Amino acid sequence: MSTTERNPVLAVRGLEVSFGPAPAVRGVDFSIAPGEILALVGESGSGKSVTARAVLGLLPATAAVRGSAKLKDRELVGAGEEELREVRGRGIAMVFQEPATALNPVHTIGWQLSAVLRAHRKATRAEARAEAVRLLELVGLPAASVVKYPHQLSGGQKQRVVIALALANEPSLIIADEPTTALDVTVQAEILALLRDLRDRLGTAILLITHNMGVVADLADRVAVMRRGELVEQAEVGDLFARPSHTYTRELLAAVPRLGHRDPASYSAESTTDALRLAEIVVRFKDFTAVDHVGLRIGHGEVLGLVGESGSGKSTIGRVAAGLLRPASGTVSVFGGDPVAARRDLGFVFQDAGGSLNPRMTVADCVGEPLRVHKVARGEEYRRRVAELLDAVKLPASYARRRPRELSGGQRQRVGIARALALGPRLVIADEPTSALDVSVQAAVLDLVTGLQRDLGFACLFISHDLAVVDSVAHRVVVLWQGKVVEEGAHHEVLRAPREEYTRRLVSSVPDLDRAFARV
Amino acid sequence: MTRYLLRRAPSALIVLWLASVLIFLVIRAIPGDAAAVLAGADAPPEVVAAIRHDLGLDLPVVSQYLHWLGGLFTGDLGRSYLIGGDIADLVGAGLGNTLTLTLAALVIAVLVALLLGPLWAATRNRWVDRALTAFHTAAVALPTFVTGVVLIIVCGVWFRVLPTGGVPPKGMFDRLDITAQYLVLPAVCLALPVAGVLTGFLAETLRAELRQDYITTVTAAGVRRREVVVRHALRGALPVVVTTLGLQTGSLLGGAVLVESIFSWPGLGLLVEQGITRRDYPVVQVLLILSVAVFVLVQLLTDVVHAYLDPRVRLGGKA
Numbered sequence: 001m002s003t004t005e006r007n008p009v010l011a012v013r014g015l016e017v018s019f020g021p022a023p024a025v026r027g028v029d030f031s032i033a034p035g036e037i038l039a040l041v042g043e044s045g046s047g048k049s050v051t052a053r054a055v056l057g058l059l060p061a062t063a064a065v066r067g068s069a070k071l072k073d074r075e076l077v078g079a080g081e082e083e084l085r086e087v088r089g090r091g092i093a094m095v096f097q098e099p100a101t102a103l104n105p106v107h108t109i110g111w112q113l114s115a116v117l118r119a120h121r122k123a124t125r126a127e128a129r130a131e132a133v134r135l136l137e138l139v140g141l142p143a144a145s146v147v148k149y150p151h152q153l154s155g156g157q158k159q160r161v162v163i164a165l166a167l168a169n170e171p172s173l174i175i176a177d178e179p180t181t182a183l184d185v186t187v188q189a190e191i192l193a194l195l196r197d198l199r200d201r202l203g204t205a206i207l208l209i210t211h212n213m214g215v216v217a218d219l220a221d222r223v224a225v226m227r228r229g230e231l232v233e234q235a236e237v238g239d240l241f242a243r244p245s246h247t248y249t250r251e252l253l254a255a256v257p258r259l260g261h262r263d264p265a266s267y268s269a270e271s272t273t274d275a276l277r278l279a280e281i282v283v284r285f286k287d288f289t290a291v292d293h294v295g296l297r298i299g300h301g302e303v304l305g306l307v308g309e310s311g312s313g314k315s316t317i318g319r320v321a322a323g324l325l326r327p328a329s330g331t332v333s334v335f336g337g338d339p340v341a342a343r344r345d346l347g348f349v350f351q352d353a354g355g356s357l358n359p360r361m362t363v364a365d366c367v368g369e370p371l372r373v374h375k376v377a378r379g380e381e382y383r384r385r386v387a388e389l390l391d392a393v394k395l396p397a398s399y400a401r402r403r404p405r406e407l408s409g410g411q412r413q414r415v416g417i418a419r420a421l422a423l424g425p426r427l428v429i430a431d432e433p434t435s436a437l438d439v440s441v442q443a444a445v446l447d448l449v450t451g452l453q454r455d456l457g458f459a460c461l462f463i464s465h466d467l468a469v470v471d472s473v474a475h476r477v478v479v480l481w482q483g484k485v486v487e488e489g490a491h492h493e494v495l496r497a498p499r500e501e502y503t504r505r506l507v508s509s510v511p512d513l514d515r516a517f518a519r520v
Numbered sequence: 001m002t003r004y005l006l007r008r009a010p011s012a013l014i015v016l017w018l019a020s021v022l023i024f025l026v027i028r029a030i031p032g033d034a035a036a037v038l039a040g041a042d043a044p045p046e047v048v049a050a051i052r053h054d055l056g057l058d059l060p061v062v063s064q065y066l067h068w069l070g071g072l073f074t075g076d077l078g079r080s081y082l083i084g085g086d087i088a089d090l091v092g093a094g095l096g097n098t099l100t101l102t103l104a105a106l107v108i109a110v111l112v113a114l115l116l117g118p119l120w121a122a123t124r125n126r127w128v129d130r131a132l133t134a135f136h137t138a139a140v141a142l143p144t145f146v147t148g149v150v151l152i153i154v155c156g157v158w159f160r161v162l163p164t165g166g167v168p169p170k171g172m173f174d175r176l177d178i179t180a181q182y183l184v185l186p187a188v189c190l191a192l193p194v195a196g197v198l199t200g201f202l203a204e205t206l207r208a209e210l211r212q213d214y215i216t217t218v219t220a221a222g223v224r225r226r227e228v229v230v231r232h233a234l235r236g237a238l239p240v241v242v243t244t245l246g247l248q249t250g251s252l253l254g255g256a257v258l259v260e261s262i263f264s265w266p267g268l269g270l271l272v273e274q275g276i277t278r279r280d281y282p283v284v285q286v287l288l289i290l291s292v293a294v295f296v297l298v299q300l301l302t303d304v305v306h307a308y309l310d311p312r313v314r315l316g317g318k319a
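Same order as they appear, the protein sequences are chains D and P. Each step along the first sequence adds one to the number in the working numbering, with nothing skipped, and position 246 is 246. Each step along the second sequence adds one to the number in the working numbering, with nothing skipped, and position 132 is 132.
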């Protein structure tokens, strides 16, 4: 994009943001040409969202912003409230991460679109309504959506509405802050296609903020990598993937789990009994059948990946296997018995490690709690076991006295894993254990889980929506869709050469890093 | 909506019935004998017994209760022991005045809250914030009999701009401007605590609402701050406010008793006061059950309005 330097839509120079004494963003420079898609990539806390919000003056009053951000010839840093308001929506619009909360629950879609349209131009009620319908059609929603309330739409539809809101006043730049992070992978593919199509048709430039390298590969023209408030590298997307110049970029790329990059791992049954066996499981919530005659088995020491999109019933199956939920019909057997009786042999790892740890307990207390509850160790023996567990998950012994809030997300998940392993379980149920983590942290945690599984030999039900993650840890994979098993088999067969239509769609929706490499 | 009402109706009726039992029993548990009061201090026991028989007070409590309950359904509210006359007539005379007063107070409280609540939530000016905090504290903390007396001294004695008590001489509907003059002081006095509570609640709910993601969405789309607060956030805060308003009805009804007595407003409050001081059980009983009925009705109404305001409740789905 050689036009970038000549006539940029947005030019950011020496941007600095600080909350109190600590700078959150330091000396950030970048510019975006008309119709260009620039991805701002980084892990949590890298300052990418703060940068975007600083441009639009959307940071809280405690933030001090210095430097320059120019929309064409208009300086935005230090601009007055009314001047910023004129730019918001008309010069630069925003698309947010969480469509479930980005829309007002008590107003219709049409009302919200009209309100935004009329923020920048005079229009009668009827004109605004007609324009709202046109916008909805532009983002691929039926005109009838105009009278719907947000709770009557799916997540993907809601995100389309949020994009329509952003397009309402024909901005020259859209800032999309993690626009697909909250969405299922097939829906994500649709939204990415929509953004690309809108750029092509309307010539709108897009500043894409994301932590997901796959999304970057799929959509971006150029990439700027942020780390700890600084821009460490900027390059065309193909160049960045092929020849990352900064060490951090290389680490980041190496940490991204990719489909089909692990040698096929096979599992040979060591005994005839199963660690977990579910047969003809049915779970209903009122009129909704969440799990519909599902059967699956996990051998001793086997890792079974359970994949599916939201609402597919994968977490419900996890709860049934753990004995936390009684199915309406079907049988559950853990080591040949009832899951409640086998509780000492079960370990759980949850998605939200922070929420699953008691904030008032120390790390050592959290990890040791199962030992105390089941009265398996006390005194010196107890302290030794806790130290061993912390060591097993590679946490320094000094962390034992800390509280959960003093740890990072990855460290908290390590504590969660240590607690799950406290009683030496023979079956571990892990529900989205790495979904809340940054990619480099995720890689480390996955490494840890695989290593521990190999050493300790426990069986594992690994639940995830992320196909690449599952591909990197599981022996076998079960694909769920709307409460039913769609496909089942060895991980490299199911995820690389799927036989069923749904699995094929799922696999092809995964944004592909390898395609970005191929673009070079 | 009709189905919703039908579903809620049985529980409302049960509440009313339980209240009637409770009121009946509590009144009888209070020390003091109406017959003795009526007969006078020096009356001989036979006279007291005759009066007791005359009033039906010598019947078993259960049959007294059933007789009273039956009367409530047929509109025969009984006779007052001491004030004199049919209770239905007494209540009928005061009801109009009390309704006028409480409705005026309600309107004032809601208007004040709708004006000051959003201002308090959205202001970035430290002085506006302090002034509103002071107003809120004073309105909630000052008892009606203090504000009432202050209002009378300021507006009726020092400045002599408004009448300090009574009702318009030619009735409520003769000249509305004169009615308004008589109504202002008692209505403001009654409205103040409710206005304070409502303003506080509205401001707090709005502040929470203004932190929601959808507010960032419209702000980022360039919608004006005032419009963000009034058209977007306020709508989300209303259900909570309506519920609070329903709960404040009790405070209005209780306040009316004091306010009517301070401003000599001949409404039900005055009747309650007379009934209590003179141990006129039948009057107090009827007024209590009436206020419970109003309360239950208002609760039912706020639930319906709440459902109407929230499309997630109205159209089904998760709230």
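Think of the CB as a built atom: it goes at the ideal place given N, C-alpha and C, for glycine as much as any other residue. Being a predicted model, the structure only gives us computed values, none of them experimental.
Rounded to whole angstroms, how far is the Cβ of residue i from the Cβ of residue j, which I believe are closer than 8 Å?
i: Val133(D); j: Val146(D); result: 6 Å
i: Leu40(D); j: Ile209(D); result: 5 Å
i: Thr62(D); j: Val28(D); result: Their Cβ separation, rounded to whole angstroms, is 19 Å, which puts Thr62(D) and Val28(D) out of contact at 8 Å.
I need the straight-line Cα distance from residue i to residue j, nearest angstrom please.
i: Asp310(P); j: Ile32(D); result: 42 Å
i: Thr181(D); j: Ala102(D); result: 14 Å
i: Leu116(P); j: Gly70(P); result: 47 Å
i: Gln413(D); j: Pro339(D); result: 24 Å
i: His306(P); j: Phe288(D); result: 27 Å
i: Ile281(D); j: Pro60(D); result: 50 Å
i: Val223(D); j: Ala128(D); result: 37 Å
i: Arg88(D); j: Trp127(P); result: 29 Å
i: Tyr65(P); j: Val91(P); result: 20 Å
i: Leu304(D); j: Ala364(D); result: 30 Å
i: Gln112(D); j: Glu82(D); result: 21 Å
i: Val470(D); j: Leu448(D); result: 14 Å
i: Val441(D); j: Leu253(D); result: 13 Å
i: Phe201(P); j: Ile108(P); result: 16 Å
i: Trp265(P); j: Ile178(P); result: 15 Å
i: Arg383(D); j: Ala444(D); result: 26 Å
i: Phe295(P); j: Thr98(P); result: 15 Å
Give a yes or no on whether 8 Å exceeds the smallest Cβ distance from residue i to chain C.
i: Gly96(P); result: Looking for chain C here will not work: the only protein chains present are D and P.
Considering only heavy atoms of the ligand MN, does any lie closer than 7 Å to the CB of residue i?
i: Gly14(D); result: Looking for the ligand MN in the displayed structure turns up nothing, as the structure carries no ligands at all.
Looking at the strands, I want to know which residues DSSP matches up with residue i.
i: Ala279(D); result: Thr331(D)
i: Ser68(D); result: Arg13(D)
i: Pro23(D); result: Ser18(D)
i: Gln234(D); result: Ala224(D)
i: Glu487(D); result: Val479(D)
i: Gly305(D); result: Phe462(D) and Val477(D)
i: Leu262(P); result: The sequence shown places Ile at residue 262(P), not Leu. According to DSSP, Ile262(P) bridges with nothing at all.
Leaving out the 5 sequence neighbours to the left and right, which residues in its chain are closer than 6 Å to residue i when beta-carbon positions are compared?
i: Leu210(P); result: Ala233
i: Tyr248(D); result: Arg227 and Val232
i: Ser509(D); result: Val185, Thr186 and Ala189
Could you pull out every residue in the same chain whose Cβ sits closer than 7 Å to the Cβ of residue i, ignoring the five residues on either side in sequence?
i: Glu98(D); result: Ala182
i: Val428(D); result: Gly347, Val349, Ala420, Phe458 and Cys460
In chain order, what residues of the same chain have a beta carbon less than 8 Å from the beta carbon of residue i, not counting five sequence neighbours either side?
i: Ala205(D); result: Val9, Leu10, Ile32, Ala33, Pro34, Gly35, Glu36, Ile37, Leu38, Ser172, Leu173, Ile174 and Arg199
i: Gly56(P); result: Gln64 and His67
i: Val242(P); result: Thr302, Val305, His306 and Leu309
Interface residues of the segment 86-103 of chain D facing chain P [CB-CB below 7 Å]: Glu86, Arg88, Gly89, Arg90, Ala93, Met94, Phe96, Glu98, Thr101, Ala102 and Leu103
Closer than 9 Å, Cβ to any Cβ of chain P: which residues of the segment 286-313 of chain D, in chain order? Of all residues in the segment 286-313 of chain D, none is placed with a Cβ closer than 9 Å to any Cβ belonging to chain P.
Contact set between the segment 219-232 of chain P and chain D, restricted to residues whose Cβ is under 9 Å from the partner: Thr219, Ala220, Ala221, Gly222, Val223, Arg224, Arg225, Glu227, Arg231 and His232
So if I threshold CB-CB distances at 7 Å, which residues from the segment 229-255 of chain P count as touching chain D? Arg231, His232, Arg235 and Gly236
Residues of the segment 162-190 of chain D whose Cβ lies closer than 9 Å to any Cβ of chain P, in chain order: Val162, Leu165, Ala166, Ala168, Asn169 and Ile175
Residues from the segment 234-268 of chain D in contact with chain P, defined by Cβ distance under 9 Å: none
Interfacial residues, the segment 49-75 of chain D to chain P, with Cβ spacing under 8 Å: Leu56, Leu58 and Ala61
Taking a cut of 8 Å between CB atoms, which residues from the segment 192-210 of chain P lie near chain D? none
What are the residues in the segment 112-134 of chain D lying within 8 Å of chain P by C-beta distance? Gln112, Ala115, Val116, Ala119 and His120
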